[in-house]
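Asks: Protein chains in written order, with our numbering: chain A, 4 to 361; chain B, 551 to 846.
The beta carbon of each residue, even a glycine, is placed where N, CA and C say it ideally should be.
Being a predicted model, the structure only gives us computed values, none of them experimental.
(1) For a contact defined as C-beta to C-beta under 9 Å, what are the partners of residue 799(B) on chain A?
(2) Measuring alpha carbon to alpha carbon, tell me which of 807(B), 749(B), 774(B) and 634(B) ends up nearest residue 597(B).
(3) Between which two residues does the alpha helix (DSSP H) containing residue 818(B) stretch?
(4) Please list, in chain order, the residues of the region 747 to 779 of chain B that have any C-beta partner in chain A closer than 7 Å.
(5) Along chain A, which residues have their Cβ under 9 Å away from the Cβ of residue 817(B)?
(6) Shortest alpha-carbon distance to residue 296(A) belongs to which of 230(A), 313(A) and 205(A)?
(7) Would you give the residue range spanned by the beta strand (DSSP E) that residue 568(B) belongs to?
(8) Please name the residue or residues paired with residue 174(A) in a DSSP beta bridge.
(9) From the DSSP output, which residues share a beta bridge with residue 687(B)?
(10) So, using beta-carbon positions, are residue 567(B) and residue 771(B) closer together than 7 Å?
(11) Which residues, in order along the region 69 to 81 of chain A, keep a beta-carbon less than 8 Å from a beta-carbon of chain B?
(12) Going along chain A, which residues have a C-beta under 8 Å from residue 813(B)?
(13) Would you report the Cα separation of residue 289(A) and residue 91(A), rounded to the nearest angstrom?
(14) Got a sec: which bits of the region 235 to 258 of chain A sit with their beta carbon under 7 Å from any beta carbon on chain B, in order along the chain?
(15) Using a Cβ-Cβ distance under 7 Å, would residue 846(B) count as near chain A?
(16) Which residue comes first and which comes last in the beta strand (DSSP E) that contains residue 179(A)?
(17) Using a Cβ-Cβ cutoff of less than 8 Å, which residues in the same chain neighbour residue 246(A) once the five nearest sequence positions on both sides are dropped?
(18) Give the range of the alpha helix (DSSP H) segment to which residue 187(A) is assigned.
(19) Would you kindly report the start and end of the unbroken alpha helix (DSSP H) that includes residue 720(B)?
(20) Going by the CB atoms, is the gap between residue 570(B) and residue 780(B) shorter than 7 Å?
(21) By DSSP, does residue 669(B) sit in helix, in strand, or in coil?
(22) Are the region 613 to 626 of chain B and the region 636 to 649 of chain B touching by the rule of at least three beta carbon pairs closer than 8 Å?
(23) Within the chosen definition, does the region 667 to 686 of chain B reach the region 602 to 614 of chain B through at least 3 CB pairs nearer than 8 Å?
(24) Counting only Cβ pairs nearer than 7 Å, list the residues of chain B close to residue 152(A).
(25) Could you run through the region 648 to 659 of chain B and flag, in chain order, every residue whose CB is less than 7 Å away from some CB of chain A?
(26) Determine which residues share a DSSP beta bridge with residue 102(A) and list them.
(27) Answer yes or no: does any C-beta atom of chain A fall closer than 7 Å to that of residue 642(B)?
(28) Compare the Cα-Cα distances from residue 642(B) to each of 18(A), 222(A), 325(A) and 57(A) and report the closest residue.
(29) Quick one: is residue 552(B) buried, meaning 16 or more other Cβ sit within 10 Å of its Cβ, or exposed?
(30) Is it true that the CB of residue 590(B) sits closer than 7 Å to the CB of residue 804(B)?
(31) Alpha helix (DSSP H) containing residue 776(B): first to last residue?
(32) For a test of the three-state rule: what should DSSP assign to residue 765(B), helix, strand or coil?
(33) Quick check: is the beta carbon of residue 587(B) nearer than 7 Å to any beta carbon in chain A?
(34) Return helix, strand or coil for residue 696(B), following the three-state DSSP convention.
(35) By the criterion of Cβ-Cβ separation under 9 Å, what are the contact partners of residue 323(A) in chain B?
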């Protein structure tokens, strides 16, 4: 309950931003705010994995892409050629298929977005389990390289497979009707609605993770971060907790991928690129690793600026520079500097007193 | 498969393999003195090729290559002095992220200086269509250059580490930094030197391979992944292992072209990396006990 209350100010900010943009006639900012919210959903998931469990992942764009690509492919690629097969007829009898017509009036038989979303997220979770079991036994450089390798494989597959549109990606992805009248789509008229869908999803994710890190699991994760062996000796099942967190963060990434793909109406191979994964790690690092609120704030701010095109052609360079500067000068994140600085100012007198005692 | 085709694939494998081996040795040199995997290793290769191509407008080829190698060494030294030297026992996670940042920054510098176009040095001898017959297969003389220069580099490095006093001091730092410092070796300078050396061999490899594989601003990541695969395969820190593993990976890759589509070629070497990491993280030739003692 306390966690629920702690996000109320954020909810107020979300509504405030909406009112402010509608009052100042700058509603177009809401589009980037919506996209930033989806990216931030991935980032808070990664934050728990990196900051709390202490496991780096340079492959999270891969999970994002698995979610986005699968959902896009299932809802756009027609199943008519396979209509006779048992799998398709099984899906059809379960009411999971949707028939319609494409742009050129040809008959189309596709999976419903809800079913596609569930399939995509489950697939991402399964892949996370299969990859996670061996990968999470590794540490440090090995873990970084293995997850990087996983990300590159996903990128290469997206680029090489015709089913996933090769270099063009998948476009014309239909709207995702969550409930009658509520749908995730890039339609101009749905902008405000989508803004709230994205943010409510992000807030739900945030509450879940805040609860998680304050629970037994959270304490176990911090124990693992501190020392794998010590946590093990204290009776923490380190392998299981690491895997659970890895899968959880992969699910967050996949959900973000599914929703953003429906919102954008398409997905391209650049979403699976190495640079995207590095960018997510950079944002978590700037936010302060074990700092969910910092990750959320930086996720929104940096993604928003990047999507607005503030950094121009130096977009990647900015993120590279941020990574280096933060890791060199403030390994605990940008928020830690301010807090420490302010504390020092506030406690300035107290410190002098203590100095006098010594 | 005919004998000629077999030899053709084999030679292609050896060419790429020797480049991977050089990148892997670059990883090893820095890893041995610092315990850091330098994710920006591939960017040294890129810088070498790109700088040499730019310098070629003003000077003859050998001079351009020499200057490119020296300039890349300076870049290596600069990176170490600016980003690594003054950090006091940083965590592995921090070092990984910093070297990734360096790699991205180097790539962005390259794309803004040289653009996205694919460039290449001219062939050292002859041109694209010059070829030498070997056992029925026909190969470009540049292939011989790549193999010879790589081989020479491995031998020279071996001699350097075995016989010269600086080489011995670097090895001393690698095996026990504290003890080396107590013996009066300046360990910090040895770390800088290891960056300079590994930048230098990377740059030279970048120049020699440029006529065959071309140079582009973003070639570094792919090379770094393959170099790392080779370094792990051969046992992290071992130069002999790197050479053997490099040739092995190059040959596997070359022959895989005849089985799987080209688009999946990268996926193959990465799969090998993943399998090796899962099954034998100490490498094909390394011992499990030694790997257990190392810090990752």
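Replies: According to the structure data:
(1) Neighbours of residue 799(B) on chain A: none; closest Cβ ~14 Å, over 9 Å.
(2) 749(B)
(3) 815 to 829
(4) 771, 775 and 778
(5) 155, 156, 159, 160 and 163
(6) 205(A)
(7) Unbroken run through residue 568(B) is the alpha helix (DSSP H), 553 to 584; no beta strand (DSSP E).
(8) 269(A)
(9) 684(B)
(10) no
(11) none
(12) 159, 162 and 163
(13) 46 Å
(14) none
(15) Unreliable positioning characterises residue 846(B) in this predicted model, as indicated by a pLDDT of 43, which lies under 50. A coordinate reading is not provided.
(16) 179 to 182
(17) 132, 135, 136 and 139
(18) Residue 187(A) -> not in any alpha helix (DSSP H); beta strand (DSSP E) instead, spanning 185 to 187.
(19) 715 to 725
(20) yes
(21) strand
(22) no
(23) yes
(24) 775, 820, 823 and 824
(25) 648, 650, 651, 652, 654, 655 and 658
(26) 112(A)
(27) yes
(28) 57(A)
(29) exposed
(30) no
(31) 769 to 783
(32) strand
(33) yes
(34) helix
(35) 650, 651, 652, 653, 654, 655, 656, 657 and 658
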